[in-house]
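Taking the numbering used here, I'd label the letters of the sequence shown as residues 353 to 479.
No residue lacks a Cβ here, since even glycine has one placed at the ideal position from N, Cα and C.
Input: a single structure, listed below in structure tokens.
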Amino acid sequence: MTPVGNWQGAGLHPATGGDGTALCSGDMLLESLVACAGVTLRAVATALEIPVRGGRVTAEGDLDFRGTLAVDRDAPIGIQSIRMHFQLDTDADDEQLATLVKLTERYCVVLQTLAQATEVSVECGVE
353 MTPVGNWQGA GLHPATGGDG TALCSGDMLL ESLVACAGVT LRAVATALEI
403 PVRGGRVTAE GDLDFRGTLA VDRDAPIGIQ SIRMHFQLDT DADDEQLATL
453 VKLTERYCVV LQTLAQATEV SVECGVE
């Protein structure tokens, strides 16, 4: 994948002192999940010839800000659970919808990255 660098569009969540004019990194993570799931769902629907006229994908997550603010050392840092919902304009039956969601979950890169224990390495350099 192409490296992402020098992104400066993020801000603090209002619950952590931000003014709410920029998405926080947690919001961006959920936006990434929604975008990937939407693209994946559309590709799966096309492959299965399930007509989808339109729709909406939403996601929300649970985050205990006490952890990220170091208010409580025992509070978890990071989003603890995510709920995603598809609201579709389609004539698909229940079986087709179940297959569509199952395959979307299977092939959505961001969902699979979040669902698995992904190894992350961190480096620091000096310019």
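- prompt: Is P428 near the ligand SAH, going by C-beta to nearest heavy atom under 8 Å?
  reply: As presented, the structure is devoid of all ligands, the ligand SAH included, so that no description of it is given.
message: Taking the alpha helix (DSSP H) that R418 belongs to, which residues open and close that run?
response: 417-420
message: In whole angstroms, give me the CA-to-CA distance for G370 and V462.
response: 26 Å
query: Run through DSSP, which three-state label would R405 get?
result: strand
query: Taking just the CA atoms, how far does G413 sit from A444?
result: 28 Å
- prompt: Assuming T456 and L400 make a contact with CB atoms under 8 Å, what is their CB distance in whole Å?
  reply: In fact, because the Cβ distance is near 11 Å, the residues do not count as touching under 8 Å.
query: What are the partner residues of R433, as DSSP defines its beta bridges?
result: This sequence places Ser at residue 433; Arg is not what is there. BP columns for S433 point to D414.
task: Provide the residue span of the alpha helix (DSSP H) that contains T398, from first to last.
output: 377-399
- prompt: Does DSSP classify Q439 as helix, strand or coil?
  reply: strand
query: If we ignore side chains and look at the alpha-carbon of each, how far apart do L421 and Y459 end up?
result: 34 Å
- prompt: How is D446 classed by DSSP in three states: helix, strand or coil?
  reply: helix
message: Given this structure, state the Cα-to-Cα distance separating H365 from L415, to the nearest angstrom.
response: 11 Å
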